[in-house]
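Participant:
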Amino acid sequence: MVWCSNKSVTTLFFILTFAASGVRSSSSGDSDVRGKSSPEALEANQVDAPTTTVSKPASCLPLNCTDPHNESIDNCPTSGTSSSDTAVKCSDLPADCLLCNFNCTCVYGEKLNVTCRPKPKVSCTPGGTGSIGHEVVKEMVCQYCYQTEEWQHFCTGYSKCNSVDTPRPLYTSNCTVGRDVVCLGRRNFLKRRECNWTSGYHWSSALFLSITLGGFGADRFYLGHWQEGIGKLFSFGGLGVWTIIDVILIAIRYLGPADGSLYV
Numbered sequence: 001m002v003w004c005s006n007k008s009v010t011t012l013f014f015i016l017t018f019a020a021s022g023v024r025s026s027s028s029g030d031s032d033v034r035g036k037s038s039p040e041a042l043e044a045n046q047v048d049a050p051t052t053t054v055s056k057p058a059s060c061l062p063l064n065c066t067d068p069h070n071e072s073i074d075n076c077p078t079s080g081t082s083s084s085d086t087a088v089k090c091s092d093l094p095a096d097c098l099l100c101n102f103n104c105t106c107v108y109g110e111k112l113n114v115t116c117r118p119k120p121k122v123s124c125t126p127g128g129t130g131s132i133g134h135e136v137v138k139e140m141v142c143q144y145c146y147q148t149e150e151w152q153h154f155c156t157g158y159s160k161c162n163s164v165d166t167p168r169p170l171y172t173s174n175c176t177v178g179r180d181v182v183c184l185g186r187r188n189f190l191k192r193r194e195c196n197w198t199s200g201y202h203w204s205s206a207l208f209l210s211i212t213l214g215g216f217g218a219d220r221f222y223l224g225h226w227q228e229g230i231g232k233l234f235s236f237g238g239l240g241v242w243t244i245i246d247v248i249l250i251a252i253r254y255l256g257p258a259d260g261s262l263y264v
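In full-length UniProt numbering, the protein residues as written are 1 to 264.
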């Protein structure tokens, strides 16, 4: 009994010792967690987040708004073609004889003044309204040459497209801005225009022929529809029915020239 009691006491002693060591380790772990959770520890362990720099897109504005192909001086006074008595004042030179310092960041439609100077080899005398020596101050509207009004540029060339089609087709034309117009960019440009060309056919003449000689196909022959004209001629105007129909079609301009042009 004594041995058993001593054995029990020994076992109980080891159990109490193990429990006490577990409590100490648990308390030390909690203190470590509390220490790491303190504001000072959080600030010490804080990792700086990587900063990303967002680059701004490069400006797409042109550095130079002048026409790189505007070098011709064929219509400008030069030193070999003008004398001192008949020399043109620099302020009277047209825009196609000048090189201007444009503001590429101007607002569209804004009126502003630009400083211009004569092209190389262009002869002019200093003086005149708005001139300082050979430099000239010109007033302009902030717009590119292709944005000018119809009356400020003229176009050449046309395509023999069908002007009576719906919708009306477009063709490409070569246009040049007026000599006195100051504008940005190219002075010569391509422009899409509506097909509206004419070849000399008069609506009044076609209507007159349809009313008077329509039974013999004169209106069809005049407009270039010679196949239908032969048919009207040998059928006496379709016994009058075809003639009446053609008068109506020409009167409302539905029937036009065979080449697709418009009436004059």
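Where a beta carbon is used, it is the ideal one built from N, C-alpha and C, also for glycine.
#1: How is threonine 156 classed by DSSP in three states: helix, strand or coil?
#2: Quick test of your reading: lysine 111 and glutamate 150, contact by CB under 8 angstroms. State the CB separation rounded to the nearest angstrom.
#3: Between which two residues does the beta strand (DSSP E) carrying valine 137 extend?
#4: Helix, strand or coil: how does DSSP classify serine 235 here?
#5: When the Cα atoms are used, what is the spatial distance from phenylalanine 189 to threonine 172?
#6: For the putative contact between histidine 202 and valine 264, defined by C-beta atoms under 8 angstroms, what is the C-beta separation to the nearest angstrom?
#7: Short of 6 angstroms in beta carbon distance, which residues of its chain neighbour glycine 217, apart from the five on each side in sequence? Order them along the chain.
#8: Quick check: isoleucine 245 and glycine 238, are their CB atoms within less than 9 angstroms of each other?
#9: Return the CA-CA distance between valine 241 and arginine 192, expressed in angstroms with no decimal places.
#10: Measure the C-alpha to C-alpha separation of serine 59 and valine 122 and round it to an integer number of angstroms.
#11: Starting from threonine 172, trace the beta strand (DSSP E) both ways and give me its first and last residue.
#12: How long is the line joining the alpha carbons of cysteine 145 and glycine 185, rounded to whole angstroms?
#13: So which of Gly260, Cys65, Asp96 has the shortest CA-CA distance to valine 177?
#14: If you draw a straight line from the C-alpha of arginine 187 to the C-alpha of tyrosine 108, how long is it?
#15: Could you tell me the distance, in whole angstroms, from the CA atom of glutamate 135 to the CA atom of tyrosine 222?
#16: So, with DSSP's three-state summary, where would you put phenylalanine 102?
#17: Taking serine 210 as the reference, which of Gly200, Thr243, Phe236, Cys175 has the closest Cα?
#18: Following the continuous beta strand (DSSP E) through phenylalanine 189, name the residue where it begins and the one where it ends.
#19: In angstroms, rounded to a whole number, what distance separates the CA positions of phenylalanine 208 and serine 199?
#20: Could you please give me the residues that DSSP links to proline 118 through a beta bridge?
#21: When you compare only the Cα positions, how much space is there between threonine 148 and cysteine 175?
#22: Give the single residue among Cys195, Asn196, Trp197, Ala251 whose Cα lies nearest to the Cα of aspartate 219.
#23: Looking only at its own chain, which residues have a Cβ that is under 8 angstroms from the Cβ of phenylalanine 154, when we skip the five neighbours before and after it?
#24: Is it true that the CB of asparagine 162 sits closer than 9 angstroms to the CB of glycine 224?
#25: What do you get for glutamine 143, buried or exposed, if any count of 16 or more other CB atoms within 10 angstroms of its CB means buried?
#26: Take tryptophan 226 as the anchor and find which of Gln152, Thr125, Ala258, Arg253 has the nearest alpha-carbon.
#27: So is glycine 157 buried or exposed if we call it buried at 16+ other beta carbons inside 10 Å?
#28: Can you check which of these residues, Ser91, Pro77, Val247, Ser79, is closest to serine 204 by C-alpha distance?
Facilitator: Let's see:
#1: Strand.
#2: About 20 angstroms; that fails the 8 angstroms criterion.
#3: 135 to 141
#4: coil
#5: 10 angstroms
#6: 5 angstroms
#7: Gly229, Lys232, Leu233
#8: yes
#9: 42 angstroms
#10: Summary for serine 59: the model assigns pLDDT 41, below 50, so the residue's position carries little reliability, and this model does not support an answer.
#11: 170 to 177
#12: The C-alpha of cysteine 145 lies about 6 angstroms from the C-alpha of glycine 185.
#13: Asp96
#14: 17 angstroms
#15: When only Cα atoms are considered, glutamate 135 and tyrosine 222 end up about 59 angstroms apart.
#16: coil
#17: Thr243
#18: 188 to 194
#19: 19 angstroms
#20: BP columns for proline 118 point to Leu98.
#21: Between the alpha carbons of threonine 148 and cysteine 175 lies a distance of about 11 angstroms.
#22: Here the closest residue by C-alpha is Ala251.
#23: Cys175, Thr176, Gly178
#24: no
#25: Glutamine 143 should be labelled buried.
#26: Ala258
#27: exposed
#28: Val247
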